[in-house]
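Everything on this sheet refers to the single structure shown next.
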Amino acid sequence: MKRAALVLAVVILAMAGIGLAYGQRIGLLAALLLSHAPRQPFAAAAAPPAPDYAQKSAWAADGGGDSNMWGPAGQRLSYPESRKADVFFIHPTTYFSNDHWNQPLDDADTNARTDTGTIRNQASAFNLCCRLWAPRYRQMTFGGFLQWSDSSAAAMDFAYSDVARAFAEFLGRIGPGKPFIVASHSQGSRHALRLLAEEIDGTPLAHRMVAAYVAGTWIDAGWFAARKDLRPCDRADDTGCVLNWSTLLEGSDAQSQREAFARRSGAPPPAPTARYVCTNPLDWSRDGSTVPAARDVAWVYGRGDKPRPVDPREVSARCDNGGLFVSRPKDQPYAIAELPGGNYHNYDYQLFYGNIRDNAVVRVDAWWKAHR
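Just so it is clear: in the sequence shown, position 275 is 286 by our numbering, and no numbers are missing.
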């Protein structure tokens, strides 16, 4: 039995390695086998030192540099100083150690995984419209989600405190009046929802926000009902609104995915009658119709020093009660990202990269037109 488990672990790690070559974060199955929550309870006094967001080292992207010039092969980029808005990107979980509840920011391996995975393959979708800012933060370790506890909740609060301080620094850097986008994925989207509720909704910042792309989490209609200014986006040029989707293979059970999410997040079990928001990133609608696969949409950076081109007509997609249901991806870099239950969480951005890239430009232009 032990030998079979070892063989399975090797196979899964090999698959995860293939995925990482295409910018995918470590596979969930491998993490399930190898990760667990830290043995010791969370204690703020034992946490790693806080980042100083006045320093360049505290940012994975700070408005300039390589991250603002990454993109698909053959696509021209404008220079950062010519961009009309700024984006604040909160990256997903890239810390898998159980040595700490929260990532030490001098962990070079985790920072490299953040930079070459999530910043290059997700956040860079916004660098055509905007200068890209992405803080390093003392993210909670992946194991904290596998065994949710009071320590998990405390570690998430601790991580959010960094995000909030980084956002304040971001606002100071871009200056008053400049429009901005909030974008995030997975753990980052958990923090983004709190940031939207506590720092943006009901404040003048709500009118400077072009949109919030909050992918890889679930947002029920009640969350919006409690907001003063924020609402779901309804069309491609809508502004001051929130976009959300969680990508699942057609035929998957969205309710079971939400129940698993609740178990890993300390949230109450989702009621079968609850209604969830979804935006279709192929046409930016919420009406539930199936949108055929579009050309030149999907992208991952790939292996080596040179980026791959975008991939045409990868998936069709439709929204249904919070889930974004897609056809099976036709190319290996995307098909390998499937997680148990038909979940394409790891590629919520990559499957729609080209559309996100173009849409961010459309929304920024619409914001400026409305505010002239």
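Cβ atoms here follow ideal geometry from the backbone N, Cα and C, with glycine treated the same way.
Given the structure is predicted, the values throughout are model-derived calculations rather than measurements.
The region 100-119 and the region 135-155 touch, with no fewer than 3 CB-CB distances between them shorter than 8 Å. Judged by DSSP secondary structure, Ile192 falls within the beta strand (DSSP E) whose first and last residues are 191-196. Two segments are said to touch when three or more pairs of C-beta atoms, one from each, lie closer than 8 Å; by this definition the region 170-180 touches the region 195-209.
CA-CA distance, Gly75 to Leu143, rounds to 7 Å. Sorting Thr121, Ser160, His102 by C-alpha distance to the C-alpha of Ala134 places His102 at the top. By the Cβ-count criterion, Arg374 is buried, with 16 or more other Cβ atoms from all chains shown falling within 10 Å of its own Cβ. In this structure, the beta-carbon distance from Lys317 to Ala84 falls below 8 Å. For the pair Glu92 and Ser160, the Cα-to-Cα distance works out to about 44 Å. Residue environment for Pro49: buried (at least 16 other C-beta atoms within 10 angstroms of its C-beta).
Under the DSSP assignment, Met167 falls outside any beta strand (DSSP E), being part of the alpha helix (DSSP H) whose first and last residues are 161-185. In the same chain as Trp81, and ignoring 5 residues on each side of it, the C-beta atoms closer than 6 Å to its own belong to Arg131, Ser135, in chain order.
Within the DSSP bridge table, the entry for Phe336 names Leu259, Arg329 as partners.
C-alpha of Met220 to C-alpha of Pro292: approximately 19 Å in a straight line. Of the residues assessed, Arg368 falls on the buried side of the cut-off, its CB having 16 or more other CB atoms within 10 angstroms. In the DSSP annotation of this structure, Trp229 is not part of any beta strand (DSSP E), being labelled neither H nor E.
Setting aside the 5 residues that flank it on each side, Arg205 is surrounded in the same chain by Tyr171, each with a C-beta closer than 7 Å to its C-beta; the list follows chain order. The beta carbon of Leu88 lies closer than 6 Å to those of Met80, Gly82 in the same chain, with the five residues before and after it left out. When DSSP states are grouped into helix, strand and coil, Ile367 belongs to the helix group. Rounded to the nearest angstrom, the gap between the Cα atoms of Ser276 and Arg184 is 33 Å.
Comparing alpha-carbon positions, the option among Phe156, Cys141, Tyr148, Pro115 lying closest to His47 turns out to be Phe156. Taking C-beta atoms under 8 Å as the contact rule, Asn113 and Pro190 fail to qualify, at a distance of about 31 Å.
Pairing Gly188 with Ser257 gives a Cβ-Cβ distance that is not under 8 Å. If you compare the alpha carbons of Arg147, Ala166, Thr228 with that of Phe178, the shortest gap goes to Arg147. For Met151, the pairing in a beta bridge is given by DSSP as Asn113.
The way I'd put it, the region 245-255 does touch the region 215-229; three or more beta-carbon pairs between them come closer than 8 Å. The beta carbons of Ala309 and Val321 sit closer together than 8 Å. Rounded to whole angstroms, the gap between the alpha carbons of Lys239 and Cys330 is 25 Å.
Taking 3 residues as the shortest admissible run, the region 91-136 contains the following complete beta strand (DSSP E) segments, listed from N- to C-terminal end: 96-101.
Beta-bridge partners of Trp144 (DSSP): Asp73, Phe99. Listed in chain order, the non-local C-beta contacts of Ile192 below 8 Å within the same chain comprise Ala96, Asp97, Val98, Phe99, Phe137, Cys140, Cys141, Met220, Val221, Ala222, Ala223, Tyr224, Ala371, Arg374, Val375, local neighbours out to five positions each way being set aside.
Val302 carries a strand assignment under DSSP once its states are collapsed to helix, strand and coil.
For Leu206, the three-state secondary structure derived from DSSP is helix. Under a 10 Å Cβ-count criterion, His356 is classified as buried, with 16 or more other Cβ atoms of the shown protein chains found around its own Cβ.
Between Ser163 and Pro52, the C-beta gap is not smaller than 8 Å, which leaves the two residues out of contact.
For Leu216, the enclosing alpha helix (DSSP H) begins and ends at 216-219.
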